[in-house]
Structure formats: structure tokens, C-alpha cells
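Structure first, then comments.
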Amino acid sequence: MKQKWTLQNVILLALIGVIFSVIYWIMDPVYQIVNSGLAVIGLQAFTNEITLGVWMMAGPLASYILKKIGAGFIGEMLGAAGEMFLGGSYGVGTLLSGFIQGIGSELGFALTGYKNWFAGLWLSTLTGTVVSFGWDLFKSGYIHYKLGLLVALFIVRYLSIFFFSGVLVHLIAKLLDRSKLLSHE
Amino acid sequence: MMNATQRMILALAISLEISLTKSVTLNVVLFSVAFLLLLIRRQPLKKIGLYVAIAIIPVLGSFWSFYLYGQGTAAENLHFGLVMGSRVLVFIFIGAWLTMGMTPYVLLASLRQNLKMSATFTYGILGALNFMPRFKQAFSSIQAAGMMRGEVLRWWQPTLYFKALVHAIKWSKNLAMAMTSHGFQEGASRSAYRDYPMAKSGWVLIVLILIALQVILFFSRY
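From first to last, the protein sequence lines stand for chains P and X. To get our numbering, take the position in the first sequence, counting from 1, and add 38. To get our numbering, take the position in the second sequence, counting from 1, and add 5.
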């Protein structure tokens, strides 16, 4: 595996960022709808946890497809920056979230020494959950919640990230593998 | 004054600061300043109105969910609701200030010159950004192609992303080839058509603003 970034790698990474910046931007109103729906039954604290997996897809997908150091972090940052330029509901806040989420996802691949990308993908769902949850403890005031609720929030967040940034990413990459469009020489 | 890189650093510093503090006063001050800057710099009213429209639902949503369902006393919940609501407002308007009059090209060129980002990344990303409108077309044609076979492609299905990525891979190959054939060389030294230096006065301004934030925070009681 070559670690050098070629022009085509960079463009593909940026295009992944572009695709997901549009998806993230579309998700902003979806988040509000889910939130008001859950608020009716008093579970609005879970909105963020249920939907977060979607917002974290760009990083793991970029890493898993491109198999390069830093792809996850840069991919997530590009997605976030694009969302901001499109006029997302969290403005410059998305850059900060993208930064934290990018580090979280990248960490999983880093822990395998960038050798086993399959294990890295599953690890990244875990590290992504831990890092983003740690950030929310302070940023979103989760630290004020009771322990039982915290555990529930953590589990739901993990399941969301596991599904969207793990299972779905894996299925997308598997389809790409079968298409033989990406040849890693 | 500040160039694009410095503005981005300042915007990130401010968003980090308000993410970790709970002062309604500071948030309101920051929002007012950003809003005034948009007016002073003669941003079209329609654009400002759009930012307000974008803000309404998330601001009210953040406020209500913490006000109605917080874990503390009524006063604490009101305070925390106001903090979270005004925080979203600051995020949106600082974001508006950051992107005001700044194109992705200027930001990328500044990052390349100021932070030594490689030319491959700068121009690769820049080239890719031009595909934004074509993805919209691609998504609708992917869905139309699915409909012709009686498949409704939903956003949680891998097929939709796979097909978008097939386009992305094809375009990335074509664009890389096009850029190379037009003389783009990876790693070659290049001159700049315009310079985007980081001025000392910009750094002074950033430090002053950050100090002012701490002062407001120190004196704010709510």
C-alpha cells in the first residue's frame, strides 16, 4: 500500500467530502423533525444520539475506501466545512464538531497502525463514540445527566454510529470492491 | 487586518470558547457584534434574513428541549435553555461572518500559503468543489434510474451511496487526468498569482478580541 497522496486520491477524498456535506446539510432539518417528534414523548435527549451516526459517515468511509493516513480526519472536516458553506443550521459549530468527530474516527484506524482496515473500521465506530461522547459531556452539558441516562445515551449513540459509520460504510465499500472500480495497486 | 486563515482561527477559537462556557451575556454580545458586522459590511438583507430563517427552528428547538426537559430547577433550566439557544445563534452568525465575502478559493489559497498545505490538496479540493451542482443532477438521475426498475432508493440504503461514489471515482479520474494534461504537477514549486499574507495587525486583533471575551465572561452574571 502506497502512502503517497496522488492527485486522484485527493480529488476522490474531496468528492466524498462534497457528497457528505450535501447529506449533512439535508440532515439538519431531519434532525429538527426527529427532535420535535421525540420531545413529545420526552425523549429528545436521544435525538442527537440516534442521528449522530449519519454525521460521522464521511470519515470512516474515506479511510476505508482510500486506505490512507489522515483520510478519515480530512474527509470529515471537508464534509463539515461544506455543510457550513452551504448554510447548515449549526454554522461554524459544525467545523468544531467535524474536528472532534474526525479525530474520533481516525483514532480507530490509527490504533491498528493503519494495517488492518477492516478491524480499524469497527474500532473507529467505538473510538468515534467515545471521543464524541466525551466532548458532549462538556459541550452539551451531558455531565449534568444521571448515570443511568448517560449509559443509555452512550449505548444508543454507539448503535447509531455502529450502523451508519460501520455497517453501512462496510456495505458501500463491499459494493465498490465488487465493481472493481477502485484498484489498489 | 485578518486574512482568511486568521478569520478561521478566530472563528474556531470563539466557537470552542462558547461551547465550553455557559454565559448568555457573552453569547448575546457575540451575536450582536456578528449581526452588526453583517449589516456594516452591507450584506444583502435577503441573505441576512435567510440566516435568521435558518436559525429559528434550531434555536427554539435547543431552547425548548433544555427548558422543558432539563434535570435541574426551573431557573436552571431556563438559564441552560437560553445558553443552548443563544449558542446556536452565535454559531450561525459567526459562521455567516466567516463565510462573508470569502470564497472557498480564497480560503484554500490562504491555507496553502499560510499553513503550507500542499498544492495537490489545494487544487484537488478546489477542482472537486466544482462538482457540487453535478452531484445534485447525479442524485436525481440515480433515483430516476432506480424508479425505472421499480426500486425506490432511500438514503439509508448502500446502493444510493455506492452509485454516487461510482460517479465520484469516475470524475476524480477524469479531473486528475485533465489537471495533469493542463500542466499541473504534483510537488512542483509554483508561484502565486495573489498573496494572502497573515498580517501582524490581524494577530493583534485576534488577541484583543479573545481578551475581551474573557473580560465579558468574567463580569457576566447570567
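We put the CB at the ideal spot given by N, CA and C, even for glycine.
| task | Would you check if the distance between the CB atom of X:Phe-167 and the CB atom of P:Leu-214 is smaller than 8 Å? | result | The sequence position of residue 167 of chain X within the second sequence is 162, counting from 1. The sequence position of residue 214 of chain P within the first sequence is 176, counting from 1. A contact, by the Cβ cut-off of 8 Å.
| Does the separation of the CB atoms of P:Val-297 and P:Thr-89 fall below 8 Å? | Past the edges of chain P, shown from 39 to 223, lies residue 297 of chain P, and the structure says nothing about it.
| Rounded straight-line distance, which links the Cα of X:Val-209 to that of X:Phe-223 | For this step, residue 223 of chain X is matched to residue 218 along the second sequence. For this step, residue 209 of chain X is matched to residue 204 along the second sequence. Going by C-alpha positions, X:Phe-223 is about 21 Å away from X:Val-209.
| Leaving out five residues before and five after X:Ser-206 in sequence, what residues of the same chain have Cβ atoms less than 7 Å from its Cβ? | Walking along the second sequence from the start, residue 206 of chain X turns up at place 201. Hits under 7 Å: Met-6.
| task | Provide the residue span of the alpha helix (DSSP H) that contains X:Lys-141, from first to last. | result | Start at 1 with the first residue of the second sequence, and residue 141 of chain X comes out as number 136. Residues 137-153.
| request: Give the DSSP-derived three-state secondary structure of X:Tyr-110 in the structure shown. | output: Within the second sequence, numbered from 1, the residue matching residue 110 of chain X stands at position 105. Here X:Tyr-110 sits in helix by DSSP.
| task | Could you tell me the distance, in whole angstroms, from the CA atom of X:Ile-14 to the CA atom of X:Trp-69? | result | As a working mapping, residue 14 of chain X is identified with position 9 in the second sequence. As a working mapping, residue 69 of chain X is identified with position 64 in the second sequence. Taking the Cα positions, X:Ile-14 is about 31 Å away from X:Trp-69.
| field | Among X:Leu-116, X:Arg-139, X:Ser-146, nearest to X:Tyr-128 - alpha-carbon criterion | value | Position 123 of the second sequence, counted from the start, is the residue given in the question as residue 128 of chain X. The shortest Cα separation from X:Tyr-128 among X:Leu-116, X:Arg-139, X:Ser-146 belongs to X:Leu-116.
| field | Segment limits, alpha helix (DSSP H) that includes X:Lys-51 | value | Within the second sequence, the letter at position 46 stands for residue 51 of chain X. For X:Lys-51, the enclosing alpha helix (DSSP H) has its first and last residue at 50-74.
| said: Whole angstroms are fine: how far does the CA of X:Tyr-198 sit from the CA of P:Glu-223? | reply: For this step, residue 223 of chain P is matched to residue 185 along the first sequence. For this step, residue 198 of chain X is matched to residue 193 along the second sequence. With a pLDDT of only 44 at P:Glu-223, under 50, the local geometry of the prediction cannot be trusted, and no value is derived from it.
| query | What residues of chain X sit near P:Leu-220, judged by a beta carbon separation below 7 Å? | reply | Within the first sequence, the letter at position 182 stands for residue 220 of chain P. Listed along the chain, the chain X residues whose CB falls inside 7 Å of the CB of P:Leu-220 are Ile-174.
| Own chain residues within Cβ distance below 6 Å of X:Leu-87, not counting five before or after | Taking the first residue of the second sequence as 1, we reach residue 87 of chain X at position 82. Excluding sequence neighbours, X:Leu-87 sits near Val-29.
| said: Taking 6 Å as the limit between beta carbons, can you name the residues of its chain near X:Asn-82, skipping five residues before and five after? | reply: The residue labelled residue 82 of chain X in the question sits at position 77 within the second sequence. Only Tyr-72, Gly-75 meet the Cβ criterion.
| said: Taking only three categories from DSSP, how would you classify P:Asn-154? | reply: Within the first sequence, numbered from 1, the residue matching residue 154 of chain P stands at position 116. Correct three-state label for P:Asn-154: coil.
| Cα-Cα separation between P:Leu-149 and P:Gly-113, rounded to whole angstroms | Within the first sequence, numbered from 1, the residue matching residue 149 of chain P stands at position 111. Within the first sequence, numbered from 1, the residue matching residue 113 of chain P stands at position 75. Approximately 18 Å between the Cα atoms of the pair.
| task | Starting from the N-terminal side, write out each stretch of the beta strand (DSSP E) that is 3 residues or longer and does not extend beyond the segment 140-187 of chain P. | result | Counting only runs of 3 or more residues that sit fully inside the segment 140-187 of chain P, no beta strand (DSSP E) segment turns up.
| task | Determine which residues of the segment 160-175 of chain P have a Cβ less than 7 Å from any Cβ of chain X, and write them out in chain order. | result | Correct list: empty, as no residue qualifies.
| N- and C-terminal bounds of the alpha helix (DSSP H) containing P:Trp-38 | The first residue shown for chain P is 39 and the last is 223, placing residue 38 of chain P beyond what the model contains.
| Does DSSP put P:Tyr-128 in a helix, in a strand, or in coil? | Locating residue 128 of chain P in the first sequence gives position 90, counting from the first residue. The answer is coil: DSSP assigns P:Tyr-128 none of H, G, I, E or B.
| task | Please confirm if X:Leu-31 has its CB atom under 8 Å from at least one CB of chain P. | result | Locating residue 31 of chain X in the second sequence gives position 26, where the first residue counts as 1. No, X:Leu-31 does not count as interfacial toward chain P.
| said: Could you compute how far the alpha carbon of X:Gly-90 sits from the alpha carbon of X:Ser-20? | reply: What you label residue 90 of chain X is simply residue 85 of the second sequence in a count that begins at 1. What you label residue 20 of chain X is simply residue 15 of the second sequence in a count that begins at 1. Distance between the alpha carbons of X:Gly-90 and X:Ser-20: 14 Å.
| task | Verify whether the separation of the beta carbon atoms of P:Gly-166 and P:Ser-203 is less than 8 Å. | result | Position 128 of the first sequence, counting from 1, holds the residue named residue 166 of chain P. Position 165 of the first sequence, counting from 1, holds the residue named residue 203 of chain P. Cβ distance < 8 Å, so P:Gly-166 and P:Ser-203 count as in contact.
| So is P:Glu-223 in contact with chain X if we call contact Cβ pairs under 8 Å? | Counting from 1 along the first sequence, the entry for residue 223 of chain P is found at position 185. Per-residue confidence for P:Glu-223 stands at a pLDDT of 44, beneath the threshold of 50, marking its modelled position as unreliable; the derived number appears in the next sentence. The beta carbon of P:Glu-223 does not come within 8 Å of any beta carbon belonging to chain X, so the residue lies off that interface.
| query | Under three-state DSSP, which class holds P:Leu-53? | reply | Residue mapping note: residue 53 of chain P aligns to position 15 of the first sequence, counting from 1. DSSP places P:Leu-53 in helix when its eight states are reduced to three.
| Within chain C, partners of P:Val-56 - CB distance below 7 Å | Among the protein chains in the structure shown, which are P and X, there is no chain C.
| P:Tyr-102: which of P:Tyr-152, P:Phe-171, P:Ile-181 sits nearest, CA to CA? | Counted from its first residue, the first sequence places residue 102 of chain P at position 64. For the options P:Tyr-152, P:Phe-171, P:Ile-181, the alpha carbon positioned closest to that of P:Tyr-102 is the one of P:Tyr-152.
| query | Can P:Leu-124 and P:Ser-59 be called in contact, C-beta distance under 8 Å? | reply | Counting from 1 along the first sequence, the entry for residue 124 of chain P is found at position 86. Counting from 1 along the first sequence, the entry for residue 59 of chain P is found at position 21. Taking a C-beta distance under 8 Å as the contact criterion, P:Leu-124 and P:Ser-59 qualify as a contact pair.
| query | By Cβ distance, which residues of its chain are closer than 6 Å to P:Thr-163, with the 5 residues on each side in sequence left out? | reply | In the first sequence, counting from the first residue as 1, residue 163 of chain P sits at position 125. Excluding residues within five positions, the ones whose Cβ falls inside 6 Å are Ile-199, Phe-200, Ser-203, Gly-204.
| said: Taking 8 Å as the threshold (C-beta atoms), are P:Gly-179 and X:Phe-36 in contact? | reply: The residue given as residue 36 of chain X occupies position 31 in the second sequence. The residue given as residue 179 of chain P occupies position 141 in the first sequence. No; because the gap between Cβ atoms is not below 8 Å, this pair is not in contact.
| field | Own chain partners of X:Ala-79 with C-beta closer than 7 Å, once the 5 adjacent residues on each side are dropped | value | For the purposes of this step, residue 79 of chain X is taken as residue 74 along the second sequence, with counting starting at 1. Excluding sequence neighbours, X:Ala-79 sits near nothing in its chain.
| request: Please classify P:Trp-63: does DSSP put it in a helix, a strand, or coil? | output: Along the first sequence, read from residue 1 onward, the residue named residue 63 of chain P stands at position 25. Helix, per DSSP.
| query | P:Ile-210 versus chain X: which residues are under 8 Å apart at the beta carbon? | reply | For the purposes of this step, residue 210 of chain P is taken as residue 172 along the first sequence, with counting starting at 1. Per Cβ cutoff of 8 Å: Pro-163, Tyr-166, Phe-167, Leu-170.
| Are three or more beta carbon pairs between the segment 92-110 of chain X and the segment 129-147 of chain P nearer than 8 Å? | Flag = yes, the segment 92-110 of chain X and the segment 129-147 of chain P touch.
| In chain order, what residues of the same chain have a beta carbon less than 6 Å from the beta carbon of P:Leu-161, not counting five sequence neighbours either side? | Taking the first residue of the first sequence as position 1, residue 161 of chain P is located at position 123. Within the same chain, P:Leu-161 has close Cβ partners Gly-146, Leu-149.
| What in chain P is Cβ-close to X:Gln-76, meaning under 9 Å? | Position 71 of the second sequence, counted from the start, is the residue given in the question as residue 76 of chain X. Within chain P, the residues whose beta carbon sits less than 9 Å from that of X:Gln-76 are His-182, Tyr-183, Lys-184, Leu-187, listed in sequence order.
| message | Does P:Asp-215 come out as helix, strand or coil in the three-state DSSP assignment? | response | If you number the first sequence from 1, residue 215 of chain P lands on position 177. Correct three-state label for P:Asp-215: helix.
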